[in-house]
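**Student:** Quick one: this structure, given as structure tokens, is what I'll be asking you about.
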């Protein structure tokens, strides 16, 4: 099993490259796969090949899709007037699970981070501006851009940058509320979040 | 992403069948794979296919191999006179890592468990007896069988059963020592292990 060309050894090596998977976990997974009915590793291999060959970013919004347009961009029932900007596809999926949004999305695939050398040209900002831009003298179709970006340091930088750019192009630019999560004890909420929840208080 | 035929959704489903991997972890792994350079998911798929198509039990000892005989059975430098019996291939690999054994192995692929309906015919015991059996009037090549089986309830059942069978076929049947692990505080060692360590004490 220590020969480099052994298939089981090779599988352990490949699995241990997954995030959060060390050699011990990879070995456990590989033994599960080698003792499972052959259909299972074959189906997993097929799913991986399909993802590698067919899945890429949607030409419009950046969501992952096996088609030219993603499921949301190609859905005629979604509201074209509201555009929700997220940093990652995972955030888009989380918002979809909440069921609270029926507009379109735009995925930045990153956040601005001057310290790490990530500038506006490194994330999907140009295509966002194209989507909301006015068409000649006519206003663009988007009337509200919702920035669904988590308020980290990079998030705040990106929020400020996008707000300044979008403010001239779109009637309304909003950000999702920051505050105390539903069901969380105030005692255990961090002070920055509590401060924001106080400042953003609403009338009953 | 909620359509059944979406490749990414399908990959998440397949990954979440791995032991210890729930839907959240599977989603995290799938997003890592979809954003990684295409070579990585392709190489992982290839490794899985190789394992599914080529790896099976060694015809002699039961170790996993892509050849007819495993690396250890086909190694002429190993000692034919000593045979180490393990329950799982993982245990064989652990013993190989210890570097303390230069004989041959036999993998049972299970332990006797009368309560779960696992009897001698369900694990590789018949092939073990064939390997150690005398050839006519001549003694068999194996002079010692080492039972490297962990002392659980099923382990003890298997140890007793194998000892009674092998005692008539092999000059020497031994089991690996049970005792306090190197570096462990006696304070934290369970009482059964401490009792065994006391009973099996050796002269200094």
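Chains as they are written, first to last, in my numbering: chain A, 73 to 276; chain B, 73 to 276.
Note that CB positions come from ideal geometry on N, CA and C, so glycine has one too.
Going by DSSP in three states, residue 181 of chain B sits in which element: helix, strand or coil?
**Tutor:** For the purposes of this step, residue 181 of chain B is taken as the residue at position 109 of the second chain. Residue 181 of chain B falls in the coil class under three-state DSSP.
**Student:** Taking the alpha-carbon positions, what's the residue 172 of chain B to residue 108 of chain A distance?
**Tutor:** Residue numbering aside, residue 172 of chain B sits at position 100 when the second chain is read from its first letter. Residue numbering aside, residue 108 of chain A sits at position 36 when the first chain is read from its first letter. Computed Cα separation, rounded: 31 angstroms.
**Student:** Report yes if the C-beta distance between residue 230 of chain A and residue 183 of chain A is below 8 angstroms; otherwise report no.
**Tutor:** By one-based count along the first chain, residue 230 of chain A stands at place 158. By one-based count along the first chain, residue 183 of chain A stands at place 111. It is a contact, given that the beta carbons lie within the stated cut-off.
**Student:** Whole angstroms are fine: how far does the CA of residue 141 of chain A sit from the CA of residue 131 of chain A?
**Tutor:** Against the first chain, residue 131 of chain A aligns to sequence position 59. Against the first chain, residue 141 of chain A aligns to sequence position 69. Whole-angstrom Cα-Cα distance: 6 angstroms.
**Student:** Any contact of the region 216 to 232 of chain B with the region 150 to 157 of chain B, i.e. 3+ C-beta pairs under 8 angstroms?
**Tutor:** yes
**Student:** When the distance is taken between beta carbons, is residue 203 of chain A closer than 8 angstroms to residue 178 of chain A?
**Tutor:** Stepping through the first chain from its first residue, residue 178 of chain A is reached at position 106. Stepping through the first chain from its first residue, residue 203 of chain A is reached at position 131. In this structure, residue 178 of chain A places its C-beta atom within 8 angstroms of the C-beta atom of residue 203 of chain A.
**Student:** Residues of chain A with CB closer than 7 angstroms to the CB of residue 126 of chain B, please, in chain order.
**Tutor:** As a working note, residue 126 of chain B is residue 54 in the second chain. Residues of chain A passing the Cβ test: 79.
**Student:** Return the residue from the list A:214, A:257 and A:121 that minimises the CA-CA distance to residue 239 of chain A.
**Tutor:** By 1-based counting over the first chain, the position of residue 239 of chain A is 167. Of the listed residues, the one whose Cα sits closest to residue 239 of chain A is A:214.
**Student:** Where does residue 219 of chain A fall in DSSP's three states?
**Tutor:** Sequence index remark: in the first chain, residue 219 of chain A carries index 147 (1-based). Residue 219 of chain A falls in the strand class under three-state DSSP.
**Student:** Let me confirm a value: residue 84 of chain B is counted as buried when at least 16 other C-beta atoms fall within 10 Å, else exposed. Which label applies?
**Tutor:** If you number the second chain from 1, residue 84 of chain B lands on position 12. So residue 84 of chain B counts as buried.
**Student:** Is there at least one Cβ from chain A nearer than 8 angstroms to residue 86 of chain B's Cβ?
**Tutor:** If you number the second chain from 1, residue 86 of chain B lands on position 14. Put simply, the CB of residue 86 of chain B is near chain A, with a gap under 8 angstroms to one of its CB atoms.
**Student:** Run through chain B and tell me which residues come within less than 8 angstroms of residue 91 of chain A, C-beta to C-beta.
**Tutor:** If you number the first chain from 1, residue 91 of chain A lands on position 19. Neighbours of residue 91 of chain A on chain B, chain order: 100, 101 and 104.
**Student:** State the Cα-Cα distance for the pair residue 117 of chain B and residue 80 of chain B, rounded to the nearest angstrom.
**Tutor:** Sequence index remark: in the second chain, residue 117 of chain B carries index 45 (1-based). Sequence index remark: in the second chain, residue 80 of chain B carries index 8 (1-based). Answer to the nearest angstrom: the Cα atoms are 14 angstroms apart.
**Student:** Just the Cα atoms here: how many angstroms apart are residue 198 of chain B and residue 167 of chain A?
**Tutor:** Counting from 1 along the second chain, the entry for residue 198 of chain B is found at position 126. Counting from 1 along the first chain, the entry for residue 167 of chain A is found at position 95. Computed Cα separation, rounded: 58 angstroms.
**Student:** From residue 193 of chain A to residue 234 of chain A, what distance separates their C-alpha atoms?
**Tutor:** In the first chain, the residue the question calls residue 193 of chain A occupies position 121. In the first chain, the residue the question calls residue 234 of chain A occupies position 162. Distance between the alpha carbons of residue 193 of chain A and residue 234 of chain A: 13 angstroms.
**Student:** When the distance is taken between beta carbons, is residue 82 of chain B closer than 8 angstroms to residue 226 of chain A?
**Tutor:** Counting from one through the first chain, the residue named residue 226 of chain A turns up at place 154. Counting from one through the second chain, the residue named residue 82 of chain B turns up at place 10. No, Cβ-Cβ distance for residue 226 of chain A and residue 82 of chain B is not below 8 angstroms.
**Student:** In terms of residue numbering, what span does the alpha helix (DSSP H) encompassing residue 166 of chain B cover?
**Tutor:** The residue you call residue 166 of chain B lines up with position 94 of the second chain. It spans 161 to 170 - the alpha helix (DSSP H) in which residue 166 of chain B sits, taken as one unbroken run.
**Student:** Using a Cβ cut-off of 8 angstroms, pull out every chain B residue sitting near residue 166 of chain A, in sequence order please.
**Tutor:** Start at 1 with the first residue of the first chain, and residue 166 of chain A comes out as number 94. Simply none; closest approach about 10 angstroms.
**Student:** For chain B, is any of its Cβ atoms less than 8 angstroms away from the one on residue 132 of chain A?
**Tutor:** On the first chain, residue 132 of chain A is found 60 positions in, with the first residue counted as 1. For residue 132 of chain A, the answer is no, since every Cβ of chain B falls outside 8 angstroms of its Cβ.
**Student:** What does the Cβ neighbour count give for residue 102 of chain B, buried or exposed, with the cut at 16 atoms within 10 Å?
**Tutor:** In the second chain, residue 102 of chain B corresponds to position 30, counting from 1. Looking at its Cβ environment, which holds 16 or more other Cβ atoms inside 10 Å, residue 102 of chain B is buried.
**Student:** Measure the Cβ-Cβ separation of residue 250 of chain A and residue 273 of chain A and say whether it is below 8 angstroms.
**Tutor:** As a first step, residue 250 of chain A must be located in the first chain, where it is residue number 178. As a first step, residue 273 of chain A must be located in the first chain, where it is residue number 201. No, Cβ-Cβ distance for residue 250 of chain A and residue 273 of chain A is not below 8 angstroms.
**Student:** Count the other CB atoms within 10 Å of the CB of residue 264 of chain B; is the residue buried (16 or more) or exposed (fewer)?
**Tutor:** Reading the second chain from its first residue, position 192 is the one you call residue 264 of chain B. Residue 264 of chain B is classed as exposed because its beta carbon has fewer than 16 other beta carbons within 10 Å across all chains shown.
**Student:** From the DSSP output, in three-state form, read off residue 155 of chain B for me.
**Tutor:** Your numbering for residue 155 of chain B matches position 83 in the second chain. Reduced to three states, the DSSP call for residue 155 of chain B is strand.
**Student:** Please check if any C-beta of chain B sits within less than 8 angstroms of the C-beta of residue 161 of chain A.
**Tutor:** Within the first chain, residue 161 of chain A is the residue found at index 89, counting from 1. Closer than 8 angstroms: yes.
**Student:** For a minimum of 4 consecutive residues, which ranges assigned as the alpha helix (DSSP H) are wholly contained in the region 213 to 275 of chain B?
**Tutor:** 225 to 238 and 263 to 271
**Student:** Using three-state DSSP, classify residue 149 of chain A as helix, strand or coil.
**Tutor:** Taking the first chain and counting its residues from 1, one reaches residue 149 of chain A at position 77. Three-state result, residue 149 of chain A: coil.
**Student:** In this structure, does DSSP put residue 79 of chain A in helix, strand or coil?
**Tutor:** As a first step, residue 79 of chain A is located in the first chain; it is residue number 7 there, counting from the start. In this structure, residue 79 of chain A counts as helix in the three-state DSSP scheme.
**Student:** Within the 8 angstroms Cβ cut-off, does residue 123 of chain B reach chain A?
**Tutor:** Mapped onto the second chain, residue 123 of chain B falls at position 51. Yes, contact with chain A.
**Student:** Along the chain, which unbroken stretches of the beta strand (DSSP E) at least 3 residues long are found entirely within the region 115 to 141 of chain B?
**Tutor:** none
**Student:** So for residue 93 of chain B, helix, strand or coil by DSSP?
**Tutor:** Here residue 93 of chain B refers to the residue found at position 21 when the second chain is read from its first residue. Reduced to three states, the DSSP call for residue 93 of chain B is coil.
**Student:** Does residue 82 of chain B have its Cβ less than 8 angstroms from a Cβ in chain A?
**Tutor:** Reading the second chain from its first residue, position 10 is the one you call residue 82 of chain B. At least one CB atom of chain A sits nearer than 8 angstroms to the CB of residue 82 of chain B.
**Student:** Three-state secondary structure (DSSP) at residue 176 of chain B?
**Tutor:** Taking the first residue of the second chain as position 1, residue 176 of chain B is located at position 104. Of the three classes helix, strand and coil, the one that applies to residue 176 of chain B here is strand, per DSSP.
**Student:** With 9 angstroms as the limit, tell me which residues of the region 104 to 120 of chain B have their beta carbon closer than that to any beta carbon of chain A; keep them in chain order.
**Tutor:** 104, 105, 106, 107, 108, 110, 111, 112, 113, 114, 115, 116, 117, 118, 119 and 120
**Student:** Are residue 176 of chain B and residue 144 of chain B closer than 8 angstroms when you measure CB to CB?
**Tutor:** Taking the first residue of the second chain as position 1, residue 176 of chain B is located at position 104. Taking the first residue of the second chain as position 1, residue 144 of chain B is located at position 72. Taking 8 angstroms as the Cβ cut-off, residue 176 of chain B and residue 144 of chain B qualify as a contacting pair.
**Student:** Is residue 173 of chain B close to chain A? Criterion is C-beta to C-beta, closer than 8 angstroms.
**Tutor:** On the second chain, position 101 is the one that residue 173 of chain B refers to. Not closer than 8 angstroms to any Cβ of chain A, the Cβ of residue 173 of chain B fails to qualify, so no.
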